[in-house]
Each structure stands twice: as structure tokens, then as C-alpha cells.
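In my numbering, the protein residues as written are 35 to 225.
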């Protein structure tokens with residue numbers, strides 16, 4: 035069983051913002067794999083959709099705790115479904131990469147991402163998979179990053195971001211079917 039968490043903020047106000055990259059990836063993946071409709075699960079502190087890919091049971095989680103407290107939902111879901119940290123995968127926005135770039139990593143610091151830090155704090159380890167979706171603008175000189183991630187993409191960025199969502203969905207699929215290492219090798223070697 036794998037718990038795939040998409041980081042983001044609940045509510046329409048945030049639905050199309052850069053910070054909701056994780057939610058949007060999970061929506062794409064769930065639709066592509068014909069998972070059932072999202073249901074609020076109090077014991078997981080979020081919205082959940084469950085399905086199978088090949089024989090692997092997959093639980094998708096969109097925390098309802100807001101970004102900086104995402105770890106609360108991850109801890110609740112991992113406890114409720116009895117999932118160990120190494121079977122928790124997190125999809126999230128990443129300011130270290132330009133919009134549209136996707137990378138897979140296991141372990142490492144949060145890199146200033148409060149949602150990822152929250153997950154590290156509650157799991158007590160950095161050793162979980164991360165599907166990092168680039169949202170960095172071409173020019174960072176004139177922006178405040180804290181507010182930037184809560185803004186929507188420009189039309190040009192949105193096109194690149196939609197390609198990244200598709201790539202991340204395919205990477206999740208490959209990681210489930212062939213393992214994280216195979217998906218990481220393929221995704222991280224793309225230019």
C-alpha cells in the first residue's frame with residue numbers, strides 16, 4: 035500500500051495557485067486512473083481517493099490542514115491506514131526549479147518548503163519520496179516568494195505547468211509499476 039500525498043491548500047481561493055501543484059497532480063492522476071470521487075475522511079484529515087494500479091493499493095490524499103500543517107494529515111492518514119514512512123510519496127511545488135520541470139528525490143531537506151518540513155517533522159524522517167514540480171518564474175528579482183506561490187500561473191506558465199502535471203502523473207504511474215528508482219532515473223535524466 036502506498037500513500038501519495040499532494041500538498042496544497044483547500045478551497046477554491048487556492049485551487050489554481052502555484053502552491054497547489056500537489057493537489058492538481060493528484061486530480062490528474064486520479065482521473066487518468068479512474069479512481070473514485072474524492073471523499074472527506076476525518077481520520078485522515080483530508081480528502082481521499084483509493085484505487086489500485088496493477089495489484090498495488092494506492093491511497094491518494096489531499097490534506098485539508100493547509101500547507102504549513104500538511105504533516106498533521108500525513109501522520110493521521112499513515113496511522114489510520116498503517117503505512118510506514120518509506121511508503122509515503124509527496125507531490126509538491128518546488129521553487130528551486132523553473133516552471134514545468136519535474137524531479138523525483140528521496141530524502142534530503144525541505145529546502146525551505148514549509149509543507150514538506152511539516153511532513154518531515156511528523157514522520158520523523160526525511161526518507162520519503164518527493165515528486166517535485168517546478169514553479170519558479172524566469173525572473174525572481176522582483177517577487178516576494180511567500181505571496182508568489184499563492185498566485186495563479188500566467189497563461190504561458192500554465193501551459194508548461196500542465197505538461198509538468200502530465201509528466202508527474204506518468205512518473206507516479208511508472209514508480210508504482212516499476213519502482214521509484216526506475217521512475218527517478220527516467221524523470222531526472224530529462225532536460
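Here a beta-carbon is modelled for each residue, glycine too, at the ideal position from N, C-alpha and C.
Counting along the chain, residue 212 sits inside the alpha helix (DSSP H) bounded by residues 189–212. With a contact defined as Cβ atoms closer than 8 Å, residue 159 and residue 119 qualify at about 5 Å.
Nearest Cα to residue 185 within the set 39, 44 and 48: 48. A Cβ-Cβ distance of about 13 Å is found for the pair residue 95 and residue 157, leaving them out of contact under the 8 Å criterion. Your pair residue 170 and residue 138 does not check out as a contact, with CB atoms roughly 17 Å apart and the cut at 8 Å. As far as DSSP is concerned, residue 220 takes part in no beta bridge.
Note: residue 128 is bridge-paired with 168 in the DSSP secondary-structure output. The alpha-carbon separation between residue 90 and residue 35 amounts to approximately 6 Å. Excluding sequence positions up to five before and after residue 59, its CB lies within less than 8 Å of the CB of 40, 125, 165, 167, 199, 202, 203 and 206, all in the same chain and listed in chain order. In the three-state scheme derived from DSSP, where H, G and I count as helix and E and B as strand, residue 84 is classed as strand.
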